[in-house]
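Below you'll find the structure, written out as structure tokens, and then a few comments.
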Amino acid sequence: MKFTINQYMKSLWTAKGRKIFTREYTGVIESVRSKYGQDLEVKIRLPNGSVKLRDGTDLYSERAGVQSELGELI
Numbered sequence: 665m666k667f668t669i670n671q672y673m674k675s676l677w678t679a680k681g682r683k684i685f686t687r688e689y690t691g692v693i694e695s696v697r698s699k700y701g702q703d704l705e706v707k708i709r710l711p712n713g714s715v716k717l718r719d720g721t722d723l724y725s726e727r728a729g730v731q732s733e734l735g736e737l738i
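When we follow the numbering used here, the leftmost residue of the sequence shown carries the number 665, and every step to the right adds one.
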């Protein structure tokens, strides 16, 4: 199922503590904050301890998977 950007952002907004999977890395979402318009800033903790800050719209465009409460990918 392909999520719209609005559905993806709503899922991302409540994703603190969940895993995120991109082409480059896998990490855990530490925090999510509103940015401007409908965009969000996502703070991701990587396995090596470093932190990445990413825009929600960028994560959506690269189809980053976010683990749901049930363990499924969003």
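The beta-carbon is built from N, C-alpha and C at its ideal position, and this holds for glycine as well.
Query, Result
"Spatially closest choice to ILE684 from ARG709, GLY713, LYS699, SER725, by CA coordinates", "ARG709"
"Per-residue DSSP class, three states only, for SER675", "helix"
"Boundaries of the alpha helix (DSSP H) in which ASP722 is found, first to last residue", "720-725"
"Distance, GLU705 Cα to GLY691 Cα", "15 Å"
"Same chain only: Cβ atoms within 8 Å of GLU726, ignoring 5 sequence neighbours per side", "THR686, ARG687"
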